[in-house]
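Peer 1:
In my numbering, the protein residues as written are 23 to 247.
What follows is the structure, encoded as structure tokens:
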């Protein structure tokens with residue numbers, strides 16, 4: 023299979039589907055088996071996402087970190103394919119941002135919290151590039167002259183961008199100090215996870231179903247011959 027075929031309209035949605043499913047299974051599952059350093063159970067309202075990958079604390083840290091790495095790698099061809107599929111200057115810039123963001127996600131899996139400097143750099147790279155990427159894809163979808171992706175799906179991009187911005191720039195508490203019962207910043211971090219994986223899954227399903235329906239009429243005559 024040629025490299026171009028890996029990211030064509032037939033294949034790139036499949037990369038997105040697989041990446042989304044891996045992300046949905048591998049990333050949140052470790053919280054079910056998590057016991058913190060103070061014997062507490064995991065909560066998405068006051069435990070940072072990355073705590074699930076902390077070696078020596080999270081029992082299934084390996085699953086979380088491998089899941090992040092695989093999710094990031096699998097999303098790379100999806101990002102490239104989506105940018106080429108929409109086929110505008112903005113979508114191609116968005117694809118470049120998406121590849122950078124996906125690589126950042128993969129590197130967060132390589133550098134868990136135990137490597138705090140590298141982890142912090144890769145994590146902030148993901149948050150910043152993710153915000154830009156979702157905004158650019160939303161604009162690219164909305165500004166299409168030849169509509170290949172339903173323009174209503176741009177809403178998901180704008181929602182994602184807003185959640186990223188609230189997490190990064192909202193007037194929330196810092197990361198240090200005693201663990202509160204509820205943290206808005208941590209809750210928004212988990213909101214980013216659900217929003218971005220969910221949005222990319224929807225885009226993958228949309229393009230996959232659309233292209234599948236396009237192929238069906240082409241096959242019908244040959245079946246009747």
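The C-beta atom is built at its ideal place from N, Cα and C for all residues, glycine as well.
1) Tell me whether the beta-carbon of residue 38 lies closer than 7 Å to the beta-carbon of residue 157.
2) What does a CB cutoff of less than 6 Å around residue 152 pick up in its chain, not counting 5 residues either side in sequence?
3) Taking its Cβ as the centre, do 16 or more other Cβ atoms sit within 10 Å of residue 78, making it buried, or is it exposed?
4) Hey, could you find the ends of the alpha helix (DSSP H) residue 182 is sitting in?
5) So what does residue 63 bridge to, in DSSP terms?
6) Counting only the same chain and skipping the five closest in sequence on each side, list residues whose C-beta sits under 6 Å from that of residue 92.
7) Can you check whether the CB of residue 76 is closer than 7 Å to the CB of residue 135?
8) So, for residue 175: in the same chain, excluding its five sequence neighbours on each side, which residues have a beta-carbon less than 8 Å away from its beta-carbon?
9) According to the neighbour-count rule (16 or more other Cβ atoms, all chains shown, within 10 Å of its Cβ), is residue 137 buried or exposed?
10) Cα separation between residue 130 and residue 69?
11) How would you write the range of the alpha helix (DSSP H) that residue 38 sits in, first residue to last?
12) Tell me which residues share the same chain as residue 28 and place their Cβ nearer than 7 Å to its Cβ, disregarding the 5 neighbours each side in the sequence.
13) Taking the alpha-carbon positions, what's the residue 139 to residue 192 distance?
14) For residue 117, count neighbouring C-beta atoms within 10 Å of its own C-beta (all shown protein chains included) and say buried if the count is 16 or more, exposed if not.
15) If you drop the 5 nearest sequence neighbours on each side, which residues of the same chain put their C-beta closer than 6 Å to that of residue 103?
Peer 2: Walking through what the data contain:
1) Translated into positions along the chain shown, residue 38 becomes position 16. Translated into positions along the chain shown, residue 157 becomes position 135. No, Cβ-Cβ distance for residue 38 and residue 157 is not below 7 Å.
2) Walking along the chain shown from the start, residue 152 turns up at place 130. So the list reads 123, 186, once near-sequence residues are dropped.
3) Taking the first residue of the chain shown as position 1, residue 78 is located at position 56. Result: exposed.
4) Walking along the chain shown from the start, residue 182 turns up at place 160. Taken as a continuous stretch (DSSP letters only), the alpha helix (DSSP H) holding residue 182 covers 176-191.
5) Counting from 1 along the chain shown, the entry for residue 63 is found at position 41. Answer is 57, bridged to residue 63.
6) For this step, residue 92 is matched to residue 70 along the chain shown. Setting aside the 5 residues that flank it on each side, residue 92 is surrounded in the same chain by 44, each with a C-beta closer than 6 Å to its C-beta; the list follows chain order.
7) The residue labelled residue 135 in the question sits at position 113 within the chain shown. The residue labelled residue 76 in the question sits at position 54 within the chain shown. In this structure, residue 135 lies near residue 76, with their beta-carbon atoms less than 7 Å apart.
8) By 1-based counting over the chain shown, the position of residue 175 is 153. Counting only Cβ-Cβ distances below 8 Å, and skipping sequence neighbours, we find 163, 224, 225, 228.
9) Walking along the chain shown from the start, residue 137 turns up at place 115. Exposed.
10) Mapped onto the chain shown, residue 130 falls at position 108. Mapped onto the chain shown, residue 69 falls at position 47. Linking residue 130 to residue 69 through their CA atoms gives a straight-line distance of about 17 Å.
11) Locating residue 38 in the chain shown gives position 16, where the first residue counts as 1. Run containing residue 38: 34-48, per the alpha helix (DSSP H) assignment.
12) Here residue 28 corresponds to residue number 6 of the chain shown, with the count starting at 1. Excluding its 5 nearest sequence neighbours in each direction, residue 28 has C-beta neighbours in its own chain below 7 Å: 99, listed in chain order.
13) Position 117 of the chain shown, counted from the start, is the residue given in the question as residue 139. Position 170 of the chain shown, counted from the start, is the residue given in the question as residue 192. Here the alpha carbon of residue 139 sits roughly 23 Å from the alpha carbon of residue 192.
14) As a working mapping, residue 117 is identified with position 95 in the chain shown. Residue 117 comes out buried.
15) The residue labelled residue 103 in the question sits at position 81 within the chain shown. So the qualifying residues of the chain are 29, 34.
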